[in-house]
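Colleague: Those sequence lines, one after another, are chains A and B.
Each residue of the first sequence is one higher than the one before, counting from 49 in this note's numbering.
Each residue of the second sequence is one higher than the one before, counting from 1390 in this note's numbering.
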Amino acid sequence: MKMEKWRAITYTLLQHSLKKNFHHPINPNFRSLTRSSSTSGHTYAFGRTCERLKPTLAHKKWNIQPCVHPLKNCMSHHPLVSAKIFSGNICRIQCRYFASLTTKIQRNPLFSTINSDDISHFEKILGEKNVIQEEEKLDTVNTDWMRKYKGSSKLMLQPRSTEEVSQILKYCNSRCLAVVPQGGNTGLVGGSVPVFDEVIINTGSMNSIISFDKVSGILVCEAGCILENLISFLDSWGFIMPLDLGAKGSCQIGGNVSTNAGGLRLVRYGSLHGTVLGLEAVLANGTVLDMLGTLRKDNTGYDLKHLFIGSEGSLGIISKVSILTPPKLSSVNLAFLACKDYFSCQKLLMEAKRRLGEILSAFEFLDSHALDLVLKHLDGVRNPLPASMHNFYVLIETTGSDESSDKQKLEAFLLHSMEGGLISDGAIAQDISQASSFWHIREGVAEALMKAGAVYKYDLSLPVEKMYDLVEEMRIRLGSVADVVGFGHLGDGNLHLNISAPQYDDAILAQIEPFVYEWTSKHHGSISAEHGLGLMKADKIHYSKSTEAVQLMTSIKKLLDPNGILNPYKVLPPSLVS
Amino acid sequence: MKIMVAIKRVVDYAVKIRVKADKTGVETNNVKMSMNPFCEIALEEALRIREAGFASEVVAVSMGPAQCVDTLRTGLAMGADRAIHVDAPAAGLYPLSVAKILRALVDVEKPGILILGKQAIDDDCNQTGQMVAGLLNWPQATFASKVVLDKEKQLATVDREVDGGLETLCVDLPAVITTDLRLNQPRYATLPNIMKAKSKPIKKFKLEDLKVDIKSDLEIVEVTEPPKRKAGIIVSSVDELIDKLKNEAHVI
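1) Give a yes or no on whether 9 angstroms exceeds the smallest Cβ distance from residue 1574(B) to chain A.
2) Compute the Euclidean distance between the alpha carbons of residue 235(A) and residue 193(A), then round it to the nearest angstrom.
3) Going residue by residue through the region 272-342 of chain A, where are the continuous beta strand (DSSP E) segments of at least 3 residues, counting only ones entirely within it?
4) Residues of chain B with CB closer than 9 angstroms to the CB of residue 378(A), please, in chain order.
5) Note down, in chain order, every chain B residue with its Cβ under 7 angstroms from the Cβ of residue 432(A).
6) Is residue 224(A) helix, strand or coil by DSSP?
7) Any idea if residue 613(A) is buried or exposed, counting beta-carbon neighbours within 10 angstroms, 16 or more meaning buried?
8) Residue 474(A) touches chain B at which residues, Cβ-Cβ below 8 angstroms?
9) Exposed or buried, which one is residue 273(A) when buried takes at least 16 other CB atoms within 10 Å?
10) How about residue 1405(B): is its C-beta nearer than 9 angstroms to some C-beta of chain A?
11) Closer than 8 angstroms is the cut-off here; do at least three beta carbon pairs connect the region 378-387 of chain A with the region 426-439 of chain A?
12) Which residues, in order along the region 1390-1403 of chain B, keep a beta-carbon less than 7 angstroms from a beta-carbon of chain A?
13) Verify the contact flag: residue 1459(B), CB atom, against every heavy atom of the ligand PLP, threshold strictly below 8 angstroms.
14) Helix, strand or coil for residue 445(A)? Go by DSSP, reduced to three states.
15) Determine the closest residue to residue 451(A) out of 379(A), 470(A) and 515(A), with distance taken between C-alpha atoms.
16) Out of curiosity, what's the CA-to-CA distance linking residue 291(A) and residue 419(A)?
17) On the three-pair Cβ rule with 8 angstroms, is the region 466-483 of chain A touching the region 1587-1595 of chain B?
18) Hey, does residue 292(A) have any beta-carbon neighbour from chain B nearer than 9 angstroms?
19) Taking the C-alpha atoms as reference points, what is the distance between residue 453(A) and residue 447(A)?
20) For residue 1492(B), does the count of other Cβ atoms within 10 angstroms reach 16, so buried, or fall short, so exposed?
21) So, residue 526(A) versus residue 536(A), is the Cβ gap smaller than 9 angstroms?
22) List, from N- to C-terminal side, the beta strand (DSSP E) runs of 3 residues or more that fit wholly inside the region 149-196 of chain A.
23) Relative to the alpha-carbon of residue 490(A), which residue among 533(A), 219(A), 521(A) and 593(A) has its alpha-carbon at the smallest distance?
24) Considering only residues of the region 1414-1471 of chain B, which uninterrupted beta strand (DSSP E) runs meet the minimum length of 3 residues and lie entirely inside it, listed in chain order?
25) Can you check whether the CB of residue 203(A) is closer than 9 angstroms to the CB of residue 237(A)?
26) Quick one: does residue 484(A) have its CB under 9 angstroms from some CB of chain B?
27) Taking 9 angstroms as the cut-off, decide whether the C-beta atoms of residue 421(A) and residue 493(A) are in contact.
28) With 9 angstroms as the threshold, decide whether the Cβ of residue 264(A) is near any Cβ in chain B.
29) I need the DSSP call for residue 577(A), collapsed to helix, strand or coil.
30) From the beta carbon of residue 1527(B), is the nearest beta carbon of chain A less than 9 angstroms away?
31) What residue does the alpha helix (DSSP H) around residue 1519(B) start on, and which one ends it?
32) Could you have a look at residue 371(A) and say whether DSSP puts it in helix, strand or coil?
33) Taking residue 599(A) as the query, report the chain B residues whose CB atoms sit under 8 angstroms from its CB, ordered along the chain.
34) Would you check if there are 3 or more beta carbon pairs closer than 8 angstroms linking the region 583-603 of chain A to the region 1402-1416 of chain B?
35) Can you tell me whether residue 1598(B) is buried or exposed? The criterion is at least 16 other CB atoms within 10 Å of its CB, across all chains shown.
36) Do you know whose CA, among 397(A), 283(A) and 241(A), lies nearest residue 188(A)'s CA?
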């Protein structure tokens, strides 16, 4: 049934768009468009004059979903809808999947589209091999890890050095070609994939380690080094990276720094703002900004690197990173504990900071819903405390230099907490494989959620006492329609609120947003603790930052990237930047 | 009936080991040590047998320097009732010596079953279980992947993992059983058990008390790393490939 309607609609649209007169008001069939859409339906509007559509859409208050995901099911074999036939100037309206109901983004008409001259220019700079135009390869890099966002870039470039990045950007800036810097593409807010046809600049080929100072532990490497590879490299020298996250097998250090990634060990080693000693970045006009210092202390002028850390690729492309790595301490202990209520988890955190003090290296929590999901959807995982199901689980890790004294400290602390009623049960990992299986449970929650179906992901910083209240309120709001799961870095006050539903549904979204953001704002929390704003929260910054601050950010963006070619439509509200 | 479980403290399975500079062995200073995985499985099986009602007590034994006590404490935390530590020098404790010590302990404790891991992950000898069965003149069922006890008839039916598949043996008790990987999944040491373990006794024996002589006929001459694999290269054409296969690798 839907197929027929689709054919009719797209055929009519095709007729219209092929007509030379592009200022034709968008078709009267538009009404049929609106009728045919349903919450699970999807429409795709073509036409040069997007502005005409805007008022109609706003009036209808309706979600146009991007072309890919649902389209894959019914349209991929439909010849008419193949993008290839629309040569030349396509203007697409891309509406965000399940963010706020009325936001739509239009492709900025000031950006050029790629032509064959551009391709040959890039091939001259990079060599043919590093200029990628094949559909299958582009398909994966156009889609984010969550498979929520898909762009339609026609070109991916893989520079091998800072010089090549500089030449690419200089050219793109002169031609007004929008670009998306991409690392491991593991971001969770759609910041690493194109929205329309931006050129993807992938840093994967810039993956050499430049130097490592064994005495100070200062590592200098290129932005495309995969985090796990850096961890293994440092392991042989007796050092570790100051950050660790579930995505370490694919994420690249440049991306980590651009998004100011937090991770599991922030409570011990602090954020990247403290551990990154220097950066080399390439600005939009190709200028190479060398701030690659390797000094712990350098108070000479304004510390510009902090602008780039967390800027999500919108102020410059990071090409090299200099980072301080802590020594690898031999004694690591991990305990998997069960608490009966959230209040006990909080008190446990307070006690841990006091009694474990300097050896505490991670403090994570997950609720029973999270553990259920992990046990159900992941292989090779078993419940460390099978005796009974508890409401909350806490993972405490200690890292120190003396095995026996650390173990004694941890055991004494746990015994005391158990006698005090803070812990109902727990297990201590006796060897490294047991420790990995405990971590696998916590690190695997995101993956389990993906396997369970549709997931609405929120990453919030909240005062520790209030953190779980939000989860419980969401449970009341959503009832049995969706499963609300709470877990996260309790040690840093960071809640990962995830709502799992069998499929994406606007009714569910309406219950979640903007309630979650407003609740967070009311409690002076952050609507994005560590994931960043990306595309998903580009117009939500006002929930956590003042107007004056956002205005200053916009000025800085305009100063460093006057043409707005770096990762457009993201981070800052598009209306302010264009 | 008592069950005795022999456990060994080895370099943790997940650690990347390095050979010592003087090539006398593997670097064990500042390296994480834990219970041999097969010994964990053996202890888990003993605990399950006790929980099923076939045995009254599980005794964990280990031999070596003082640090062995840590591993025994882990064993007690998993649920063993008692532990025995035989003080012996770290170096020079080869399987035959271990078998002799175990025989002496069996004479003291008189268990109905002696369970060990099939091999240790540091030497991969796979000899101790078989040797001690020989010394005691007890039947042995090695590489066990399933153990079923019959209390009345005092025998154990054991499925063994052998190269050709699975073999089922029936052995009279007392017997020696060595465990293979798929026998069970060892439990985690939970806090209540860790706390209880602090009050469980660890008896200490010296080699002279057991009247065992561990002088060995074996001597480790040298330990070296296997040769490093050379990196592969990408050839640009089929002709080049054939040339390399013919003239460099000499395989065609």
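The beta-carbon is built from N, C-alpha and C at its ideal position, and this holds for glycine as well.
Modeller: Straight from the coordinates:
1) yes
2) 7 angstroms
3) 324-330 and 336-339
4) 1419, 1420 and 1421
5) 1577
6) coil
7) buried
8) 1579 and 1580
9) buried
10) yes
11) yes
12) 1401, 1402 and 1403
13) Of ligands this structure carries none, so the ligand PLP is not represented either.
14) strand
15) 379(A)
16) 24 angstroms
17) no
18) no
19) 11 angstroms
20) buried
21) no
22) 152-154
23) 533(A)
24) 1422-1424 and 1446-1453
25) no
26) yes
27) yes
28) no
29) coil
30) no
31) 1517-1525
32) strand
33) Those do not exist, as residue 599(A) stays about 52 angstroms from chain B at its closest Cβ, beyond 8 angstroms.
34) no
35) exposed
36) 241(A)
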